[in-house]
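Presented below is the structure to which this report refers.
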Amino acid sequence: MPESSSRVPILELRGVSKRFGAVQALSNVNFDAYAGEVVGLVGDNGAGKSTLIKCVAGIHPADDGEIWFEGRKVHIQNPKDAADLGIQTVYQDLALCDNLDVVGNLYLGREQTNRLPLDEVTMEKRSLEVLHNLSVSIPSVRTIIASLSGGQRQSVAIARAAMWNSKLVILDEPTAALGVLQSKQVLKLIRNLREQGLAVIVISHNLADIFEAVDRISILYLGRNNGVFDVHGTSQEQIVAAITGAEFGNNNREAQSQGRKGGLSR
Amino acid sequence: MSTMGNDPRLVSEQSGNLLQRWWQRARPADLGSLPIVVGLLVIWLVFQRADNMFLSPLNLTNLMAQISALGTIAVGAVLVLLLGEVDLSAGAVSGLCAAIMAVLNVEHGVPGPIAVLAGLLAGLAVGLFQGFWVTRFKIPSFIVTLAGQIAWVGALLAVLGETGTVNLRDNFIIGLAGTFLKRDVHNGELYSWIVGILFIAIFAASFIWERQRRRSAGLQFASVGGLIIQIAVVAVLVIGMLLITNADRGLPSAMVFFIVVLVLFDFITKRTIFGRHIYAVGGNAEAARRASINVTFVRILVFGLASTLAAFGGILAASRLLAVNQGAGASDLLLDVIASAVIGGTSLFGGRGTVWSALLGALVIGSISNGMDLLALPSPIKFMITGGVLLAAVTIEAISRQRRETAGR
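Going down the list, the protein sequences come from chains A and B.
When you line the first sequence up against the working numbering, it's residues 1 to 266, in that order.
When you line the second sequence up against the working numbering, it's residues 267 to 675, in that order.
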């Protein structure tokens with residue numbers, strides 16, 4: 001990647017390993033993400049995608065390897081460490097309170113007050129700005145989450161992850177539960193995040209979505225790197241082959257050998 | 267405000283007149299209180315037909331005095347239900363704390379105000395203890411507070427001792443619930459009007475101020491018509507209550523305390539960070555935890571507040587009855603408390619409801635009890651009708667919840 005190789009990655013994992021009892025979930029994995037870029041993290045079930053992002057999000061600290069953030073080596077031991085660095089993760093369950101309205105959820109745990117009482121006016125105003133900047137359509141920011149569609153809920157969760165001086169937003173299967181139109185909305189939102197200069201990591205099974213929203217695809221296979229591809233000039237067949245671990249043409253090997261230490265699965 | 271113009275199924279919020287817009291907004295979430303207000307009016311009309319004393323100023327003033335203790339305890343029950351928990355110890359705690367107050371005052375000569383304070387603190391301690399137990403050992407609050415209900419009844423009997431009844435004579439304690447503004451207080455009627463008008467003025471000012479702030483921030487704000495309706499509703503309720511009570515002995519002091527509790531806890535739950543966190547924990551505790559809300563702190567404090575309110579309700583009841591006896595923590599008080607909170611529209615599943623449901627529910631329960639006493643109906647019928655109303659109320663809640671969920675898709 002000529003445009004990104006000249007810059008320092010916002011997140012860089014070097015030789016990360018993670019073991020759960022007898023299972024080596026990740027071995028010697030390398031991964032990087034740049035500001036203003038969307039990276040797809042792709043792999044079959046059990047390939048280690050979730051474990052990898054949990055290492056970054058501080059839920060399962062890595063056993064071995066280094067995590068670099070904005071050019072500094074960091075130790076992420078718990079979710080708060082990740083949040084302090086500006087890393088926000090949106091899991092599939094979204095972690096929204098259905099009974100609160102959009103403003104209440106965007107400000108959950110960060111409520112603003114006017115001395116004692118909640119400052120609803122300021123919170124509502126900022127919520128509208130954030131949603132507007134990200135082009136998220138919500139009928140009213142005073143609607144409770146329970147009344148929103150799946151795509152709108154996902155959008156609210158993503159907007160919340162992006163709005164608190166975040167630098168890196170990790171999305172776990174953002175379109176898994178959504179219909180076609182709602183997926184389009186969410187993918188558009190992901191591109192908006194990129195345009196705002198955030199780094200975005202998207203985990204997905206849906207290759208069509210990946211090809212639509214992502215700049216670069218990093219593939220895991222059985223807990224190891226299995227290639228990094230630029231979406232331009234790569235076919236879905238190549239990606240499928242890398243995901244399933246099938247032998248494939250030179251392209252794959254080339255991509256793997258391009259500056260990636262280790263990670264070959266064969 | 268951006269609307270999703272490309273989806274014809276979505277009803278635009280902007281269409282229709284004021285009433286239609288209110289209905290569109292109210293329908294999914296706030297149906298909870300509308301049926302019960304209608305139900306209350308039906309109950310009143312039925313009793314009024316059966317006995318035209320029912321809606322007299324005398325009886326309505328009695329009703330207010332009767333429901334204040336129940337309603338105060340029910341506010342605490344609402345707080346706990348908002349968390350998605352339940353407090354089955356409210357009845358016993360109210361009796362125990364009233365007994366502590368009574369014994370301290372009558373048998374140990376502790377001055378009334380200090381005895382009352384001791385009763386409230388005992389409630390707080392009991393609640394914090396139960397909240398700690400629920401959160402520390404992750405035992406369902408149902409079980410912890412059930413154990414509490416049984417154990418605190420034992421403590422109540424122990425505190426009351428051999429005689430089993432303590433009669434209250436202290437003027438401060440008796441005056442808590444036994445004062446009627448017009449009859450017992452010099453210029454009481456005048457004071458009640460001054461406070462009532464002030465109350466309306468403060469509400470109106472806060473509505474107008476809120477509207478002004480939203481307007482200057484460029485947000486949607488209430489129309490003048492909506493503003494007038496909001497203020498008018500508050501004014502009619504306050505003035506109506508004062509007209510009725512002042513036609514009799516004046517506003518009962520217990521009702522004044524109940525209203526203060528309602529307004530205070532409405533503010534806490536709706537306008538403070540702590541209140542927002544109560545709703546968040548009740549709505550999705552895991553989401554609240556991940557948003558770095560101290561879920562354990564919120565839970566323990568809510569149990570503490572609920573038991574403090576139970577203690578206060580018990581003290582008001584003791585003050586009205588002029589005594590604390592072994593029946594003070596009887597289990598039908600607990601049942602009426604939970605029933606009040608639920609009938610008023612608070613969800614058993616957490617996160618939905620307001621403290622005002624304690625007022626509505628206590629009015630329903632109190633009206634049925636009062637009306638049937640007026641008709642001299644035997645208690646078997648009383649219990650069965652109260653049970654039927656509770657079932658009807660939760661059924662309405664369940665149906666509106668289902669509608670809300672289907673409306674969400």
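Glycine included, each C-beta is placed from N, C-alpha and C at the ideal position.
>> If I follow the unbroken alpha helix (DSSP H) through W310/B, where does it start and stop?
In response: Start at 1 with the first residue of the second sequence, and residue 310/B comes out as number 44. Segment S299 to A316, the alpha helix (DSSP H) holding W310/B.
>> Helix, strand or coil, according to DSSP, for S598/B in the structure here?
In response: As a position in the second sequence, residue 598/B is number 332, starting the count at 1. The question names Ser, yet the displayed sequence has Asp at residue 598/B. D598/B falls in the helix class under three-state DSSP.
>> Quick check on this structure: which residue in V231/A, R142/A, T89/A and I87/A has the alpha carbon closest to the alpha carbon of G40/A?
In response: Stepping through the first sequence from its first residue, residue 40/A is reached at position 40. When only C-alpha atoms are compared, the closest one is V231/A.
> Do M367/B and A384/B have their CB atoms nearer than 8 Å?
Replying inline: As a first step, residue 367/B is located in the second sequence; it is residue number 101 there, counting from the start. As a first step, residue 384/B is located in the second sequence; it is residue number 118 there, counting from the start. Yes, the Cβ-Cβ distance between M367/B and A384/B is below 8 Å.
> What does E552/B touch in chain A if you count any residue whose Cβ is under 8 Å from its own?
Replying inline: As a first step, residue 552/B is located in the second sequence; it is residue number 286 there, counting from the start. What E552/B touches in chain A: D93 and A95.
> Buried or exposed: where does Q152/A fall if 16 or more other Cβ atoms within 10 Å of its Cβ makes it buried?
Replying inline: As a position in the first sequence, residue 152/A is number 152, starting the count at 1. Buried, by the Cβ-count rule.
> Which residue comes first and which comes last in the alpha helix (DSSP H) that contains D230/A?
Replying inline: Taking the first sequence and counting its residues from 1, one reaches residue 230/A at position 230. Here D230/A belongs to no alpha helix (DSSP H); instead the beta strand (DSSP E) covers R224 to D230.
> How about E129/A: is its C-beta nearer than 8 Å to some C-beta of chain B?
Replying inline: Position 129 of the first sequence, counting from 1, holds the residue named residue 129/A. Not an interface residue.
> Which residues of chain B have a Cβ atom closer than 8 Å to the Cβ of D268/A, listed in chain order?
Replying inline: For residue 268/A there is no data in the structure shown, the boundaries of chain A being 1 and 266.
> Count the other CB atoms within 10 Å of the CB of K73/A; is the residue buried (16 or more) or exposed (fewer)?
Replying inline: Taking the first residue of the first sequence as position 1, residue 73/A is located at position 73. K73/A comes out exposed.
>> So with CB distances below 7 Å, who are the chain B contacts of V121/A?
In response: Within the first sequence, residue 121/A is the residue found at index 121, counting from 1. Correct list: R479, R480, A483 and L485.
> Expressed to the nearest angstrom, what Euclidean distance is found between the alpha-carbon atoms of K261/A and R110/A?
Replying inline: Start at 1 with the first residue of the first sequence, and residue 261/A comes out as number 261. Start at 1 with the first residue of the first sequence, and residue 110/A comes out as number 110. Model confidence at K261/A stands at a pLDDT of 40, short of 50, so the residue's coordinates are unreliable and nothing is read from them.
> Mind checking if T113/A is an interface residue toward chain B, Cβ cutoff 8 Å exclusive?
Replying inline: Here residue 113/A refers to the residue found at position 113 when the first sequence is read from its first residue. Under the Cβ distance rule, T113/A counts among the residues neighbouring chain B, one pair being separated by less than 8 Å.
> I think V156/A touches A162/A, with their Cβ atoms under 8 Å apart; what is that distance to the nearest whole Å?
Replying inline: The residue given as residue 156/A occupies position 156 in the first sequence. The residue given as residue 162/A occupies position 162 in the first sequence. V156/A to A162/A, Cβ: 11 Å. No contact.
> Three-state secondary structure (DSSP) at K73/A?
Replying inline: Numbered from 1 along the first sequence, position 73 holds the residue referred to as residue 73/A. Strand, per DSSP.
> Per DSSP, what kind of secondary structure is W399/B in: helix, strand or coil?
Replying inline: Within the second sequence, residue 399/B is the residue found at index 133, counting from 1. It is helical.
> Quick one: Cα of L575/B to Cα of P406/B, how far?
Replying inline: The count along the second sequence starts at 1 and reaches residue 575/B at position 309. The count along the second sequence starts at 1 and reaches residue 406/B at position 140. About 21 Å.
> Taking the Cβ atom as the reference point for each residue, do I210/A and A242/A lie within a distance shorter than 8 Å?
Replying inline: If you number the first sequence from 1, residue 210/A lands on position 210. If you number the first sequence from 1, residue 242/A lands on position 242. No, Cβ-Cβ distance for I210/A and A242/A is not below 8 Å.
> Can you list the residues of chain B that K125/A reaches, using a CB-CB cut of under 8 Å?
Replying inline: In the first sequence, residue 125/A corresponds to position 125, counting from 1. What K125/A touches in chain B: A483, G484 and L485.
> Hey, would you say L52/A sits closer than 8 Å to F69/A, going by beta carbons?
Replying inline: Taking the first residue of the first sequence as 1, we reach residue 52/A at position 52. Taking the first residue of the first sequence as 1, we reach residue 69/A at position 69. No. Outside cutoff.
> Just reading off the alpha helix (DSSP H) that R435/B is part of, what are its end residues?
Replying inline: Residue 435/B sits at position 169 when you count from the first residue of the second sequence. Following the DSSP letters along the chain, one finds R435/B in no alpha helix (DSSP H), marked with neither H nor E.
> When the Cα atoms are used, what is the spatial distance from F531/B to T538/B?
Replying inline: Numbered from 1 along the second sequence, position 265 holds the residue referred to as residue 531/B. Numbered from 1 along the second sequence, position 272 holds the residue referred to as residue 538/B. F531/B and T538/B: Cα-Cα distance of roughly 10 Å.
>> What does the Cβ neighbour count give for S666/B, buried or exposed, with the cut at 16 atoms within 10 Å?
In response: For the purposes of this step, residue 666/B is taken as the residue at position 400 of the second sequence. If you draw a 10 Å sphere on the C-beta of S666/B, you find 16 or more other C-beta atoms in it, and that means buried.
> Hey, K125/A and A483/B are a contact pair by Cβ (cut 8 Å); roughly how many whole angstroms apart?
Replying inline: Here the question's residue 125/A lines up with position 125 in the first sequence. Here the question's residue 483/B lines up with position 217 in the second sequence. Contact annotation, K125/A with A483/B: C-beta distance approximately 5 Å; criterion of less than 8 Å satisfied.
>> Three Cβ pairs or more, each shorter than 8 Å: is that satisfied between the stretch 338-357 of chain B and the stretch 542-559 of chain B?
In response: Enough Cβ pairs lie closer than 8 Å, so yes.
> Within 8 Å (strictly less), CB to CB, does L106/A reach chain B?
Replying inline: Position 106 of the first sequence, counted from the first residue, corresponds to residue 106/A. So no, L106/A is outside the interface.
>> Give me the residue from V432/B, G350/B, G444/B and V308/B with the minimum Cα distance to S334/B.
In response: On the second sequence, residue 334/B is found 68 positions in, with the first residue counted as 1. S334/B has its Cα closest to that of G444/B, out of V432/B, G350/B, G444/B and V308/B.
>> With a threshold of 8 Å between beta carbons, is T535/B in contact with chain A?
In response: For the purposes of this step, residue 535/B is taken as residue 269 along the second sequence, with counting starting at 1. It does not; no Cβ of chain A falls within 8 Å.
>> Quick check on Y151/A - is its C-beta less than 8 Å from some C-beta in chain B?
In response: Counted from its first residue, the first sequence places residue 151/A at position 151. Reading off the sequence, residue 151/A comes out as Gly, not Tyr. It does not; no Cβ of chain B falls within 8 Å.
> By DSSP, does S489/B sit in helix, in strand, or in coil?
Replying inline: In the second sequence, residue 489/B corresponds to position 223, counting from 1. Three-state DSSP puts S489/B in coil, outside helix and strand.
> Mapping DSSP to helix, strand and coil, what is I201/A?
Replying inline: Here the question's residue 201/A lines up with position 201 in the first sequence. The answer is strand: DSSP assigns I201/A an E or B state.
>> Would V8/A and V200/A be called neighbours here (beta carbons separated by less than 8 Å)?
In response: The residue given as residue 8/A occupies position 8 in the first sequence. The residue given as residue 200/A occupies position 200 in the first sequence. Contact flag unset, no.
> Per DSSP, Q24/A forms a beta bridge with which residues?
Replying inline: Walking along the first sequence from the start, residue 24/A turns up at place 24. The partner list for Q24/A (beta bridge, DSSP) reads R19/A.
> Per DSSP, what kind of secondary structure is V346/B in: helix, strand or coil?
Replying inline: Position 80 of the second sequence holds residue 346/B. In this structure, V346/B counts as helix in the three-state DSSP scheme.
>> With a threshold of 8 Å between beta-carbons, can N192/A be considered close to chain B, or not?
In response: Translated into the one-based positions of the first sequence, residue 192/A becomes position 192. Not an interface residue.
>> I'd like to check one pair, E173/A with S204/A: are the Cβ atoms closer than 8 Å?
In response: To locate residue 204/A, count along the first sequence from 1; it is residue 204. To locate residue 173/A, count along the first sequence from 1; it is residue 173. Taking the C-beta atoms as reference points, E173/A is found nearer than 8 Å to S204/A.
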